[in-house]
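Asks: The numbering of the sequence shown is our numbering, which starts it at 1 and goes up by one.
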Amino acid sequence: MDAPSLWATCILPGCKQPIADELDVCTTCRTAFGDYLHETDRPPSYTVADLEERDAGIRNAYRSLYGQRIEPEQIDTDSDKYRRAVTLATTVAQQMGQEEKANQTCWLCEERRMCIRRPGGWECRDCRQIQ
């Protein structure tokens, strides 16, 4: 559990920058989002407690998903959600250099082969064996 802060945090979800006034936006978010943020003359229709309740629900959902065990029989492999998750996991693995991808141009031999992503570019199996 986090210790309470002396400062309020930015009102935008996910931002933890300290601010002087409650229910305000930090300067970092103002710079990043620019004209997308608009101030109004009316008072906000929510309170700090409302925002905390919103964020607590999301934190609880993530905690429950983190501790949840799913058996292989429970997975619906025909669903769009499953295909998106597999695509995302494959992309992340490729970016980390842990999974091969077909039809990539090796940066060493310049041939189209099954390659792994490396800092220098895509690298095939044959070139990886060369020291």
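All C-beta atoms, glycine included, are put in the ideal place defined by N, C-alpha and C.
1. Any idea what DSSP makes of residue 101, helix, strand or coil?
2. Do residue 37 and residue 11 come within 8 Å of each other at the CB atom, strictly closer than that value?
3. Does the stretch 76 to 91 come into contact with the stretch 59 to 67, if we say contact requires no fewer than three beta-carbon pairs (one atom in each stretch) closer than 8 Å?
4. Kindly list the residues whose CB is nearer than 6 Å to the CB of residue 9, restricted to its own chain and excluding five residues on each side of it in sequence; keep chain order.
5. Between residue 7 and the rest of its own chain, which residues show a CB-CB distance below 6 Å, the 5 nearest in sequence each way excluded?
6. For residue 19, list the residues DSSP reports as bridge partners.
7. Ordered along the chain, which non-local residues of its own chain (more than five positions away) have a Cβ less than 7 Å from that of residue 100?
Replies: Answer, in terms of the structure:
1. In this structure, residue 101 counts as strand in the three-state DSSP scheme.
2. No, they are not a contact pair.
3. With a cut-off of 8 Å, the stretch 59 to 67 and the stretch 76 to 91 do not count as touching, because too few Cβ pairs lie within range.
4. Closer than 6 Å at the Cβ level, and outside the excluded window around residue 9, lie 16.
5. 18, listed in sequence order.
6. As a beta-bridge residue in DSSP terms, residue 19 pairs with 8.
7. Result list for residue 100: 114, 115 and 116, in chain order.
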